[in-house]
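Working notes, beginning with the structure itself.
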Amino acid sequence: MAYDPTRLEEKWQRYWEQNATFRAEIDPARPKYYVLDMFPYPSGDGLHVGHPEGYTATDIIARYKRMRGFNVLHPMGWDAFGLPAEQYAIKTGTHPRVTTERNIENFRRQIKSLGFSYDWSREIDTTDARYVRWTQWIFRKLFERGLAYEAEVPVNWCPELGTVLANEEVIDGKSEVGGHPVVRLPLKQWMLRITQYADRLIEDLDDLDWPEPIKKMQRDWIGRSEGAHVRFPVLGHEGIEIEVFTTRPDTLFGATYMVLAPEHGLVEAITASDQQTEVKAYVDRAARRSERARMSNSGEKTGVATGAFARNPTNGEEIPIWVADYVLAGYGTGAIMAVPGHDQRDWEFAQKFGLPIREVVEGGNVEEAAWTGSGCATASDFLDGLETDAAKSKMIEWLESENRGAGTVTYKLRDWLFSRQRYWGEPFPVVHHEDGSIALVPESDLPLVLPELDDFKPSGENFEAPLTRVKDWIETTDAEGRRVLRDPNTMPQWAGSCWYFLRFLDPMNDEMPWSTEAENYWMPVDLYVGGAEHAVLHLLYARFWHKVFFDLGLVHTREPFQKLVNQGMILGESFRYYDDDLADEGKDSVTRYRSKDIRETDEGPVAKEDGRALKARWIQLGEVAYDDEGAPIHPQDAELELERVVEKMSKSKGNVINPDDVIRKHGADSMRLYEMFIGPLEKAAPWSTDGIQGIYRFLQRAWRLFHVGDDEQETFQAPVAGLGTDDQRRLTTQTILGVTEDLEAMRFNTAISKLMVFSRDITKDAPLPRESAEIFTLLLAPMAPHLSEEIWLLLGHEDTLAHEPWPKADESLLVEETITLIVQVNGKKRGEIEVPSDVSKKDAEQKALTVENVLKTLDGRQPKKIILVAGRLINIVG
RNA sequence: GCCCGGGUGGCGAAAUGGUAAACGCGGGCGACUUAAAAUCGCCUGGCUUCGGCCGUGCAGGUUCGAAUCCUGCUCCGGGCACCA
Numbered sequence: 000m001a002y003d004p005t006r007l008e009e010k011w012q013r014y015w016e017q018n019a020t021f022r023a024e025i026d027p028a029r030p031k032y033y034v035l036d037m038f039p040y041p042s043g044d045g046l047h048v049g050h051p052e053g054y055t056a057t058d059i060i061a062r063y064k065r066m067r068g069f070n071v072l073h074p075m076g077w078d079a080f081g082l083p084a085e086q087y088a089i090k091t092g093t094h095p096r097v098t099t100e101r102n103i104e105n106f107r108r109q110i111k112s113l114g115f116s117y118d119w120s121r122e123i124d125t126t127d128a129r130y131v132r133w134t135q136w137i138f139r140k141l142f143e144r145g146l147a148y149e150a151e152v153p154v155n156w157c158p159e160l161g162t163v164l165a166n167e168e169v170i171d172g173k174s175e176v177g178g179h180p181v182v183r184l185p186l187k188q189w190m191l192r193i194t195q196y197a198d199r200l201i202e203d204l205d206d207l208d209w210p211e212p213i214k215k216m217q218r219d220w221i222g223r224s225e226g227a228h229v230r231f232p233v234l235g236h237e238g239i240e241i242e243v244f245t246t247r248p249d250t251l252f253g254a255t256y257m258v259l260a261p262e263h264g265l266v267e268a269i270t271a272s273d274q275q276t277e278v279k280a281y282v283d284r285a286a287r288r289s290e291r292a293r294m295s296n297s298g299e300k301t302g303v304a305t306g307a308f309a310r311n312p313t314n315g316e317e318i319p320i321w322v323a324d325y326v327l328a329g330y331g332t333g334a335i336m337a338v339p340g341h342d343q344r345d346w347e348f349a350q351k352f353g354l355p356i357r358e359v360v361e362g363g364n365v366e367e368a369a370w371t372g373s374g375c376a377t378a379s380d381f382l383d384g385l386e387t388d389a390a391k392s393k394m395i396e397w398l399e400s401e402n403r404g405a406g407t408v409t410y411k412l413r414d415w416l417f418s419r420q421r422y423w424g425e426p427f428p429v430v431h432h433e434d435g436s437i438a439l440v441p442e443s444d445l446p447l448v449l450p451e452l453d454d455f456k457p458s459g460e461n462f463e464a465p466l467t468r469v470k471d472w473i474e475t476t477d478a479e480g481r482r483v484l485r486d487p488n489t490m491p492q493w494a495g496s497c498w499y500f501l502r503f504l505d506p507m508n509d510e511m512p513w514s515t516e517a518e519n520y521w522m523p524v525d526l527y528v529g530g531a532e533h534a535v536l537h538l539l540y541a542r543f544w545h546k547v548f549f550d551l552g553l554v555h556t557r558e559p560f561q562k563l564v565n566q567g568m569i570l571g572e573s574f575r576y577y578d579d580d581l582a583d584e585g586k587d588s589v590t591r592y593r594s595k596d597i598r599e600t601d602e603g604p605v606a607k608e609d610g611r612a613l614k615a616r617w618i619q620l621g622e623v624a625y626d627d628e629g630a631p632i633h634p635q636d637a638e639l640e641l642e643r644v645v646e647k648m649s650k651s652k653g654n655v656i657n658p659d660d661v662i663r664k665h666g667a668d669s670m671r672l673y674e675m676f677i678g679p680l681e682k683a684a685p686w687s688t689d690g691i692q693g694i695y696r697f698l699q700r701a702w703r704l705f706h707v708g709d710d711e712q713e714t715f716q717a718p719v720a721g722l723g724t725d726d727q728r729r730l731t732t733q734t735i736l737g738v739t740e741d742l743e744a745m746r747f748n749t750a751i752s753k754l755m756v757f758s759r760d761i762t763k764d765a766p767l768p769r770e771s772a773e774i775f776t777l778l779l780a781p782m783a784p785h786l787s788e789e790i791w792l793l794l795g796h797e798d799t800l801a802h803e804p805w806p807k808a809d810e811s812l813l814v815e816e817t818i819t820l821i822v823q824v825n826g827k828k829r830g831e832i833e834v835p836s837d838v839s840k841k842d843a844e845q846k847a848l849t850v851e852n853v854l855k856t857l858d859g860r861q862p863k864k865i866i867l868v869a870g871r872l873i874n875i876v877g
């Protein structure tokens with residue numbers, strides 16, 4: 000039989016399933032290894048080639064670790080609540096549950112077709128009532144601990160989506176999903192007190208084996224800063240003080256004015272009567288300006304004086320109080336002391352409005368720019384002469400002893416806005432009493448399931464969730480028969496993914512979310528692989544919940560994910576041109592442009608010729624035509640040359656590769672190997688339709704190592720008995736060492752290249768020996784499991800190779816009697832010499848100096864110095 | 001603006017102080033074939049007066065020796081962005 004991936008892959012996938020080959024059970028006698036993928040949201044588009052990249056990497060590690068004797072937990076599931084299903088429901092009336100089930104079905108089929116070694120008996124679905132029950136159970140715990148609370152907060156309301164979004168889900172004033180505009184308004188919402196864990200979320204990063212940039216992004220996101228709170232009394236308003244936060248208490252003597260954010264609560268109270276109109280106008284305007292507009296002209300400072308003054312507590316100076324939107328209401332206290340000498344923003348503001356600038360730290364020239372570095376304090380009374388750090392401490396001491404302020408820590412991280420005005424999510428397990436108090440739904444009543452609904456539209460105008468309309472669900476009675484209201488909000492999609500890695504440990508448990516026994520054995524996750532887009536959101540939220548579980552005694556590790564790897568994106572090759580059909584009318588008179596005839600401007604692409612506005616267009620991958628030189632051209636217009644662009648795959652760009660097609664044509668093993676071969680896992684790389692051919696050829700060559708005859712009449716040929724020649728044994732040993740090292744370091748691309756070298760050279764001078772044949776099959780198995788299992792069977796083994804021990808290398812075979820040394824003169828290669836492997840420096844030198852080319856280059860000069868690098872080279876300096 | 005990551009053949013890439021370009025794609029030549037495909041073998045950085053010379057974004061530096069370490073610049077990708 001010729002190599003027929005479809006036949007083999009179906010056969011072995013069936014075998015693994017029927018024999019439960021990858022079922023994982025707790026076994027205290029063996030070391031465990033938990034390897035996890037970020038589980039997918041099952042979208043309607045199905046899998047794209049990007050998904051299997053990370054899944055293949057974890058699968059190779061899972062299979063490799065099994066062969067190394069580990070008890071491997073490798074599960075898969077579905078993060079299935081989410082906006083797309085709900086939006087599809089709004090459009091078509093199809094219930095999200097129906098869409099979700101269909102999509103899961105398709106995802107499962109596709110993922111299974113790649114032959115991953117998941118323990119499917121542990122499959123979970125976050126929308127399953129048996130799962131939702133425990134998500135709600137966890138919410139109860141959060142509520143009981145005071146970590147969940149309701150608050151009237153300014154939220155990001157997205158009219159288009161009809162819901163609020165977390166700060167993290169808003170990018171440049173637009174929703175991360177769909178790019179719809181977002182406005183700020185105050186609403187009552189569920190919040191989770193993640194800020195209480197801010198310090199631990201920073202500190203515990205230190206011991207994690209994560210990419211440094213991801214750790215840094217998390218630290219920056221939490222944004223811890225140390226400083227002081229200082230209270231400034233307002234003149235003429237007995238008892239009113241403005242509290243500010245500063246990281247530079249050492250510059251207090253340089254504070255020459257103060258600024259309140261427009262939203263600050265004291266603005267109205269302190270504004271002088273003759274400034275009322277102006278201040279009110281400014282505040283109103285700031286409220287109307289979206290976050291985006293405020294940021295876009297960040298350079299230009301605006302503001303207005305309140306006419307009020309405050310007293311600087313250190314020197315008694317009276318300083319003016321302004322209102323300006325460069326001070327953010329949500330950070331610190333929403334008010335600042337302005338030190339224009341030593342803060343660039345204050346400096347710019349002071350320049351524009353003619354406020355005094357004073358130097359209180361030496362080191363710069365405050366006439367020209369703010370000096371934000373450290374230095375000796377000056378013009379600061381009792382701080383004079385102290386270095387910045389000492390001055391800070393001294394000032395905090397003074398503030399505390401005078402009761403004017405105190406040292407403190409502030410974070411950029413806000414509490415987590417945890418409710419959404421959506422249908423397709425977990426309902427909150429709470430009821431609201433008529434007196435406004437909140438009670439938890441008793442544990443025995445969980446899960447609280449979603450009521451049925453026909454119309455999924457958000458009721459946009461009142462900022463209400465769709466569930467508000469289900470009166471007979473919302474209105475209910477509690478155990479004592481009192482009328483109570485359920486909460487119409489649902490949890491955000493993050494809720495399910497905050498703890499799914501724990502549910503995998505014990506997915507059928509209906510007594511507890513997971514058992515202590517399972518948690519003790521399996522946790523933490525040893526390897527977690529997923530996209531870098533989850534660097535802050537998912538990973539921060541999941542770490543937060545995990546720490547709460549730790550405090551509750553539900554888990555025994557501080558951190559859930561010991562090692563994290565971000566896989567790079569697989570990019571697509573697309574073919575672009577431009578036209579002037581801006582309104583997409585498809586009219587006949589459209590003019591098309593080659594990429595070289597356009598120019599990018601801030602407003603978008605324009606024609607170089609006449610500057611008219613253009614729109615980018617793409618030709619679908621399969622429809623591109625080629626001219627005689629092989630250059631891509633428009634299928635209907637041979638004159639129109641297309642531009643090859645490597646970019647993220649998307650439907651609109653026509654560059655999406657469907658894994659089903661790839662598997663049909665070349666098989667799952669080829670797909671797996673190709674994705675691992677195109678480059679380092681962490682790096683983005685373009686999909687190449689030609690490239691997979693090379694991998695397919697390699698697998699065919701591997702197959703033919705064990706077969707004779709032509710395509711029609713190929714029969715298995717058993718390897719010859721024994722260990723083979725010395726060269727064969729050496730090559731086999733080198734391959735074991737190389738592949739093992741590469742797999743340990745997750746360098747799959749170089750591991751594959753070593754197997755290619757083996758398959759090319761092993762039969763060069765002698766037929767394939769059994770020893771090498773078996774070793775090769777086992778080394779290839781984690782990467783191309785279907786092909787390897789079939790060969791293993793042909794070699795006469797009855798059982799799967801999934802639990803065969805990993806080959807051991809006999810390193811003594813690598814020791815050679817003679818080696819080749821490179822001979823360099825002044826660092827340049829001039830020849831080679833054969834020497835005994837334990838050659839002395841003297842002997843090597845003597846021999847090197849007989850090489851004709853070396854003598855010629857030296858041209859009679861005496862060697863000044865000789866460097867011998869054992870086993871590699873000898874360098875003669877002369 | 002600030003902070004990361006990166007720049008090596010026509011392309012994906014190897015090599016992290018010691019022979020630059022392993023492995024693969026693409027291209028060329030040859031074998032097999034009536035022919036083609038498939039397969040197998042060899043060649044494939046540039047220049048060359050055939051001795052060599054040049055070559056890892058650019059300019060310097062450290063070193064016997066630098067893609068690798070250091071300084072400055074440049075371009076590309078990502079993150080953050082008035083956080084006091």
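Position 462 of the first sequence, counting from 1, maps to 461 under numbering that gives the first Met the number 0, and the rest follow consecutively. Where is the CB? At the ideal position from N, CA and C, for every residue including glycine.
Secondary structure of residue i, DSSP reduced to three states
i: H533; result: helix
i: V814; result: coil
i: F252; result: helix
i: R643; result: strand
i: T5; result: helix
i: A61; result: helix
i: A286; result: helix
Inter-residue spacing [alpha-carbon to alpha-carbon] between residue i and residue j
i: H533; j: I201; result: 17 Å
i: S443; j: D505; result: 20 Å
i: P559; j: R542; result: 7 Å
i: G81; j: A464; result: 15 Å
i: Y499; j: T125; result: 8 Å
i: D477; j: H94; result: 29 Å
i: L704; j: S758; result: 8 Å
i: A615; j: R598; result: 12 Å
i: H47; j: R144; result: 42 Å
i: R593; j: D578; result: 9 Å
Cβ separation of residue i and residue j, assumed to be a contact under 8 Å, to the nearest whole Å
i: I335; j: V258; result: 5 Å
i: P232; j: E240; result: 5 Å
i: S496; j: D127; result: Their Cβ separation, rounded to whole angstroms, is 14 Å, which puts S496 and D127 out of contact at 8 Å.
i: G529; j: N565; result: 7 Å
i: G877; j: I818; result: About 24 Å separates the two Cβ atoms, so there is no contact after all.
i: T194; j: S224; result: At roughly 13 Å, the Cβ-Cβ gap does not stay under 8 Å, so T194 and S224 are not in contact.
Own chain residues within Cβ distance below 7 Å of residue i, not counting five before or after
i: D525; result: Y32, Y33, V34, Q561 and K562
Run of the alpha helix (DSSP H) containing residue i, from where it starts to where it stops
i: S669; result: A667 to F676
i: H785; result: P784 to L793
Same chain only: Cβ atoms within 6 Å of residue i, ignoring 5 sequence neighbours per side
i: A780; result: S787 and L800
i: A624; result: I632 and P634
Proximal residues to residue i (C-beta, below 8 Å), its chain only, five neighbours per side dropped
i: A349; result: T255, Y256, A337, P339, P355 and I356
i: L698; result: Y2, P4, G666, D668, S669, L672, A783 and L786
i: V266; result: L259, V278, V282, T305 and V322
i: Y422; result: E85, A88, P95, L449, L452, F455, A464, P465, L466 and T489
Continuous beta strand (DSSP E) stretch holding residue i: start and end
i: A227; result: S224 to P232
i: D444; result: That residue, D444, is in no beta strand (DSSP E); it is neither H nor E in DSSP.
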